[in-house]
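One structure is given below, encoded as structure tokens.
This is the structure in structure tokens:
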């Protein structure tokens, strides 16, 4: 069962206008979308995106003229909306990461807790599976992926063990990969007992395979362009790599992470860096104790909110 994280908080953060146009860029199983729809009048509109064919199948079960589902990545949000005749929206929600249903379905290959084919594709209709990728990746590349996207201290040892095991027998299931990684981590160090030794490696391969950070980086600027003045951008992240990108982007667009004071620059450069497109709304929000108790997967969630300003706003210096 998929339990949407920060459900009420995310809908509240969008500051929904009953007649507005909104985007749920990661439909999942529609928890956020259904709540947004409940706050819209007949003239309102909601467009949902998801790469996962199963999520889109679930989205199409919503019979509502105000709602439309798009099978595709939010990285193409601007082009996709233009094809629907939408040039501006009043709010965009990005609930990042993998859903509970994707983790719990062994056939998707995301989880080391369920044995299944080593797939890990968000969009199961295209692209290489993790198993296929492992047949071609070099040890150096694999080490870099695990170190960069998993922030794994034993990246080199794990990469070496995976490549060595692959030469003996193809790694085609989640349990195969998890056992290889766990053996290395247990040999070289100790981990917090709450986290499986393969957590970081699985995260790293999934992020790389689905180009999650790259897609997030190209999506955020598009969101700002698409928002009407006073429109809200709401992003829920589940690990530090995502949150770092979101935090830095919002700070730069809000003019709080630009050029140092008194730095000599040309006039045009100064004007470019002094443009403020977003205002950060409040501090980051985390799930409360009750939500984490009911849904432990929510414990790492961080929500950040920003509001689009009128074009040409300036930073006070």
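In our numbering, the protein residues as written are 915 to 1231.
Glycine included, C-beta positions come from ideal geometry on N, C-alpha and C.
- Burial check for residue 978: the Cβ neighbour count within 10 Å stays below 16, so the residue is exposed.
- Counting along the chain, residue 1165 sits inside the alpha helix (DSSP H) bounded by residues 1154-1167.
- Residue 968: member of the alpha helix (DSSP H) spanning 967-973, first to last residue.
- Inclusion of residue 1166 and residue 1220 in the CB contact set at 8 Å is not warranted, their separation being larger than that value.
- Residue environment analysis places residue 941 among the buried positions, since at least 16 neighbouring C-beta atoms fall within 10 angstroms of its C-beta.
- Residue 1070 sits in a helix when the DSSP states are folded into three classes.
- With a cutoff of 8 Å on beta-carbon distance, residue 948 and residue 1013 are scored as not near each other.
- For residue 1122, the secondary structure class from DSSP, reduced to helix, strand or coil, is helix.
- Comparing alpha-carbon positions, the option among 1034, 1189 and 999 lying closest to residue 1015 turns out to be 1034.
- Secondary structure note for residue 1016: its alpha helix (DSSP H) is the uninterrupted segment 1014-1018.
- In the three-state scheme derived from DSSP, where H, G and I count as helix and E and B as strand, residue 930 is classed as coil.
- Note on the region 1184-1208: whole alpha helix (DSSP H) runs with a minimum of 4 residues are 1203-1208, in chain order.
- Residue 985 carries a strand assignment under DSSP once its states are collapsed to helix, strand and coil.
- DSSP places residue 1151 in the uninterrupted beta strand (DSSP E) bounded by 1141-1151.
- If you check the CB distance, residue 1088 and residue 1029 come in under 8 Å.
- Contact between the region 1130-1143 and the region 1056-1067 is absent: fewer than 3 CB-CB pairs across the two stretches fall below 8 Å.
- When 1094, 1124 and 1076 are compared, the shortest CA-CA separation from residue 1110 is found for 1094.
- Contact annotation: residue 950 and residue 995 have beta-carbon atoms that are not nearer than 8 Å.
- Residue pairing of residue 938 in beta bridges, as defined by DSSP: 962 and 1007.
- DSSP, reduced to helix, strand and coil, places residue 1031 within a strand of the structure shown.
- Between residue 920 and residue 1217 the beta-carbon gap is near 5 Å, inside 8 Å, which marks them as a contact.
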